[in-house]
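Residue numbering for the sequence shown follows our numbering, starting at 5 and increasing by one per position. Even for Gly, the Cβ is constructed at its ideal location relative to N, Cα and C.
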Amino acid sequence: MTEYNASGQNWNMEVSPDGILYVANSSGLLTFDGNTWNTYKLPDKSILRWVELAHDTVYTLSETSVGYWLPDSTGILKYQATKQVPAHIQFQKTSQDLQQLIHPLPSEIIKAKPSSYIFVNGLYFIGTLGQGIYITDSAGEILLHLTAAQGLQDNIVNDMLIENNRVIWIAFDNGLGKITLNSALSFLAYRNDVGKLKNAVLHNDTIYIKTNIGYYKRSIDLLEPFATIDEKKALSQLNNKTEIRKAQLDKFRQLAGQYSGLKEIENIYMASDSLAWLVNENEAEFFLAGRNHVQLKCRLIFDNYNANLVYREEQIFPLNDSLHLASTTQGVFLINTNRLIRNGGDRGLPLRLTGIAYKDDKEQYYLKASDNEKITLPYNFYEMMISVGASVFNSVNYISYKIDNISDEWSDWQRGGKIRFLKLPEGDYRLSVRKYVPYGDFPELHLLITVHPPWYKTDWFSFIFLGFLAFVLFAISRGYQRRLQKKEKNRLRAERQAEQQRLQQLQNEMLEAELQNERNELVKQSSTLMRNEEAISKLQKELEQQKKTLGSQYPTNLYLRMRKLIEETLNDSNEWQAFESYFDNAHQDFIKRFRQQYPDITNADLRLSCMLRMNLSTKEIASILNVSIRAVELRRYRLRKRLNLDSGINLTEFLMDF
């Protein structure tokens, strides 16, 4: 059996009319459609003990609940607990079942604790809970006892099921198994026991073989192993084998080359003048040759029987028209082409889709599985999984597939029904799947697949993109025009600003010249005023000196008159008031504001303050006042104290900012 990826413990089985096998497993409900296994767990993950079918509904019994299973829109079975179960569903075997089989049951079987049985072709197959399977006739005589030692998968049999009167399914405590009755391919001997097959012949229902280690024979019907025989006796039979003429082989090879369904032919083994096996890799096809053509009678793929034909050695040894030996790496097999043809029917059940899913970078999505319909996939899917099946009534469970526009060649035959392929470019595809059958054309199933383009390749995006592009171009054009207009405005603004700056510069230059003229005039007036005062003071001193020297000789009336004129001139404030007025006009009423701020200021300090505000240097002030530089610095010091200025304050800057 192939791996079904669930618990080894299997308790009970049922098969539906459409060929689906249902198994109560410790992991949940198992289903098998002939190609693909699926496992459905119960919500509480409890052990499933029993399964029954009623009107297309699957009922199950677990350790914790009774319920039924129905498929959802994507074909996945969903569980629903219930308390209402059809009356005919008992979820158990009656206690008298096995006791009513045979009267009496052999004590050996009773001790082995029988658990289930199958009756087919006049034989009873009785499963036990520790000793495998017993095969008896209707009278109860044990004909065969199958255990793990004879190749049985396990000795604990929980349930058995007959399918199509040909295949017995077995639920073991550790796995699942099946026995095919009247199989088209029967295993006769291990290679380790008889060696490599070299020649074979059938005579009076006895098979004689030659191997690399000796000669053997066995009955074709009885279940007995090959027995060694004398070489002379064996050769007497083997030498009577009819040899196929080379001309017949060449003719068959020529006709076979015209058959369109054949792959490259590796070996041809003639069974008669008109029958031959054509072998390619691990597949053999049996043909009947006509006058001008060949007709396929049947075929088999040895992978289906877990066997591999030997390589670079003779593979097929025809015994007659319907019986043939096959040499494999496992041992010797007997091929019955009549059974192969008879057992190859599928009861009219076609290949069908049983599951479709795909993955993207986030999660897995399931789609409705419907034959010959079209499915669509997003552009960002990275893996797609498709499950196909037919039924458990199939004798072969192999499929092959191809995807149009990707590959025109069919894939190699693969066991099981799961197909996986990675990301496809956007576009339309047709997936074709075919199943292997022993004769006739391979039944096919087709599925149309459309992979959507990414959003940036869709028509609506193209429309939006073109609209956006038009808008962008329009915006760029408008923006360009606006930039040109802005550039022109900036140019005109710059020209106006440059003109304004030029005019402002001219005004500043004129104002500076005017201020310089006023400054020069103020300096001139201040200098003149100071010289006049100095000259008058000298005249006053000279008058007093003359009066002192001449005494009474100097007329008193003249002296008094001259002194009065000098004093009136010194006390005349018109010139100083004129200076103050002119200075205030040039310096924003500085003197007026200064006197208001410092009412105790002297005229001498005020004059010095005016000169400092005019930014005259100490040397210039000394020249105007006709004093030494040291005297000017002393006056500056006294002025700072009168104004109460801190040592960190610059006197000139203070006066210029006042």
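In chain order, G218, Y219, Y220 place their CB closer than 8 Å to the CB of T232, counting only its own chain and leaving out the 5 sequence neighbours on each side. Rounded to whole angstroms, the separation of the alpha carbons of P442 and P90 is 40 Å.
Judged by beta-carbon spacing, D307 lies within the 9 Å limit of N286, meaning their Cβ atoms are closer than that value. Scanning the region 325-403 from its first residue to its last, the whole beta strand (DSSP E) runs of 3-plus residues come out as 327-331, 335-340, 356-363, 368-371, 378-381, 387-393. Taken in chain order, the unbroken stretches of beta strand (DSSP E) that lie wholly in the region 407-475 and span 3 residues or more are 422-426, 431-439, 448-455.
In this structure, DSSP gives M17 an extended state, which the three-state scheme calls strand. For a cut-off of 8 Å, the C-beta gap from F321 to C302 is around 17 Å, too long to register as a contact. For the pair R424 and E387, the CB atoms are nearer than the 9 Å cut-off. With contacts defined as CB atoms closer than 9 Å, R646 and I595 fail to qualify as a contacting pair. Here DSSP, grouped into helix, strand and coil, assigns N203 to strand.
For N271, the uninterrupted beta strand (DSSP E) segment begins and ends at 271-274.
In the three-state scheme derived from DSSP, where H, G and I count as helix and E and B as strand, A193 is classed as strand.
Within a 10 Å sphere around the beta-carbon of A116 sit 16 or more other beta-carbons, which makes this residue buried.
Comparing alpha-carbon positions, the option among G131, Q299, A10, E167 lying closest to D22 turns out to be E167.
Leaving aside the five residues that flank A85 on each side, the residues in its chain whose CB is nearer than 6 Å to its CB run, in chain order, S69, G71. If you look at V636, you'll find it in the alpha helix (DSSP H) that goes 633-647.
When DSSP states are grouped into helix, strand and coil, E67 belongs to the coil group. Annotation: R438 to I345 spans about 19 Å, alpha carbon to alpha carbon. About 14 Å separates the beta carbons of I113 and L127, which is beyond the 8 Å limit, so they are not a contact pair. In this structure the region 191-207 does not touch the region 51-58; the number of beta carbon pairs closer than 8 Å is below three.
Each of I122, V636, A58 was checked against the Cα of Q94, and the nearest Cα belongs to A58. Counting every other CB atom within 10 Å of its CB across the protein chains shown gives P354 a total below 16, marking it as exposed. Within the DSSP bridge table, the entry for Q549 names no partner. Taking the C-beta atoms as reference points, Y362 is found nearer than 9 Å to F385. With fewer than 16 other beta carbons inside 10 angstroms of its own, H297 counts as exposed.
By the criterion of a C-beta distance shorter than 6 Å, R639 is surrounded in its chain by L612, once the five residues flanking it on both sides are discounted. In this structure, the beta-carbon distance from L180 to V336 does not fall below 9 Å.
By the neighbour-count criterion, in which a residue is buried when 16 or more other Cβ atoms sit within 10 angstroms of its Cβ, A608 is exposed. The beta carbon of P110 lies closer than 7 Å to those of G144, I146 in the same chain, with the five residues before and after it left out. V455 places its beta carbon 9 Å or farther from that of Y484. In this structure, DSSP gives R170 a state outside helix and strand, which the three-state scheme calls coil. In the DSSP assignment, A280 falls within the beta strand (DSSP E) that extends over 279-284.
From the listed residues D158, L329, A238, the smallest Cα separation to W281 is found for L329. In the structure shown, D307 adopts helical secondary structure according to DSSP, grouped into three states. With respect to the 9 Å criterion, L428 and L381 are classified as neighbours on the basis of their beta carbons.
The C-beta distance from N169 to V205 rounds to 33 Å, too long to fall under 8 Å, and the pair is not in contact.
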